[in-house]
Structures are given as C-alpha cells and as structure tokens.
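In the UniProt record's numbering, the protein residues as written are 1 to 254. All residues carry an ideal CB built from backbone N, CA and C; glycine is no exception. Treat the numbers as computed from the prediction; the structure is a model and nothing was measured.
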C-alpha cells in the first residue's frame, strides 16, 4: 500500500510507535510525509528485515521434487537430512566424472569398480582404467625371491604431518580450515563440509564453517610437491633450509 492511503488513516493512530510501524511497511519512502531521519530508519529496517533469522524457512518435508538428487549419496527420492548413507556401512558413494572429457570414458554398469556418474545419469569409467581392470594384476609366482636391485633406495614412511586426516594420504592442494587451524586436502575438506547439513568441521565439530573460508597452506603445498620428486628423508633438510633462509632475511632487514 502507498503512503497516501496510510496517511488517510492517521486520524486513528494514537501513538508514535504505530506511526513508525506504518512507515516501516511503506513501499515508496521518497514521497512519504515524514522526516529524513524516519525515512532512513525505515529504509534500514526494510533492508535487513527479510534476512532476520525468524523469517528463515524450516527444513523441507514431504517428498522432494523429481529433479532433486541427494548430494550425499547421489540418489533421488529423499532430502539430504533424511539420507541413510551414514547408517549404511556397505553403501559407497559414486563419484562424478567432472573434468574428464567424455571421449576418454566408456559406458559401464552401475556395480563396476571405479564407475563414475555423468551429468546425464549414465555410469562411465575411464578407458585406461577399464583396460587395467580387464588385464588384472599380475601376481608374483610363489616361493620365488624378489629381485631387488642394489641401486633401488628404500622408501621412507610419509610423516604424519603431511597426511590428510580425512583420506590419510599425502595432502593434495593443502588447505587450512579457520575454526581449528587443521590442514586437509582441499577437495577432502570441501566435500566433508558440503556433506554435513550444518557445514560441520571434521576435527573440532564446529558448525557453520563455509568452504569459501578455507585458505591455502602454501608451505605444505611446496613440501608435498617436493615429496613427489624427492625421497622423504630430504624433507628435513628442506625445512631446515627454509628456517635458515627466513632468519637471514630477518637479519638483512635490520
């Protein structure tokens, strides 16, 4: 309703609070017969009133739309907060084929090992993986000693501080979460936050942690990049070198 229609009923307004409430509900504040201060207050109220938490919608109930797919298990028919993926230990989530050209993929059956789901709902697998699964692993004959060359170096175990707490593998694109400061693979922690309904941290269980708040751990990314080219025994020398370099840089600034 316009302010003109509201002003016609001002004779029945008995308090300033009622007048302020009418002004807050006015669509056209430019032509309103009020002071600039009241107009500014009404403008500020109207700008944040829709985002008040009391206006938030509750969880969706009933059957979901036909085109809705659960992000946790990748299946339609239920909302994510009703998903039984975590209760079913035998259920394995199907990965999507994002970033892989379809020319590199071949169609397969849903139960195939390494199968991925396309945007069209078809199950595919990389052609090179299909060939590897078809050939199978060549088993070493029993009771035959392993031939190990003298030049082959023993591989040291990966330090625990370089392993992702989620996938327990060498961290790829290390990212720091702001709530507790722990470091994970960027893809692992983003997937964990999106899979939880309230964006709960994997370690400290704090909720409402946005995936956009993750920051890159440039030092660990550099170390892990060297891990792919050098044995892990050289990581200590690399870390000591970086510490000495930082001390020298600080002394040069003095």
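Asked, Found
"For residue 165 and residue 233, the rounded distance between their alpha carbons", "Bear in mind that the predicted position of residue 233 carries a pLDDT of just 47, short of 50, making it unreliable; the figure below should be weighed with that in mind. Each residue's Cα considered, the two are about 22 Å apart."
"Alpha-carbon spacing of residue 63 relative to residue 157, whole angstroms", "50 Å"
"Closer than 7 Å: residue 176 CB and nearest the ligand NAP heavy atom", "Absent from the structure shown: the ligand NAP. Ligands present: none."
"Start and end residues, alpha helix (DSSP H) containing residue 43", "36–49"
"Endpoints, the beta strand (DSSP E) within which residue 183 is located", "183–185"
"Buried or exposed by the 16-neighbour rule on C-beta atoms within 10 Å, applied to residue 124", "buried"
"Buried versus exposed, by CB contacts within 10 Å (16 or more), residue 97", "buried"
"Residue 189 burial status per 10 Å Cβ neighbour count (16 or more: buried)", "buried"
"For residue 28 and residue 105, the rounded distance between their alpha carbons", "58 Å"
"Bridge-paired residues (DSSP) for residue 117", "96, 123"
"Per-residue DSSP class, three states only, for residue 135", "helix"
"Counted within 10 angstroms of its Cβ, other Cβ atoms place residue 95 as buried (16 or more) or exposed", "exposed"
"Three-pair Cβ contact test at 8 Å for the segment 167–184 versus the segment 195–203", "yes"
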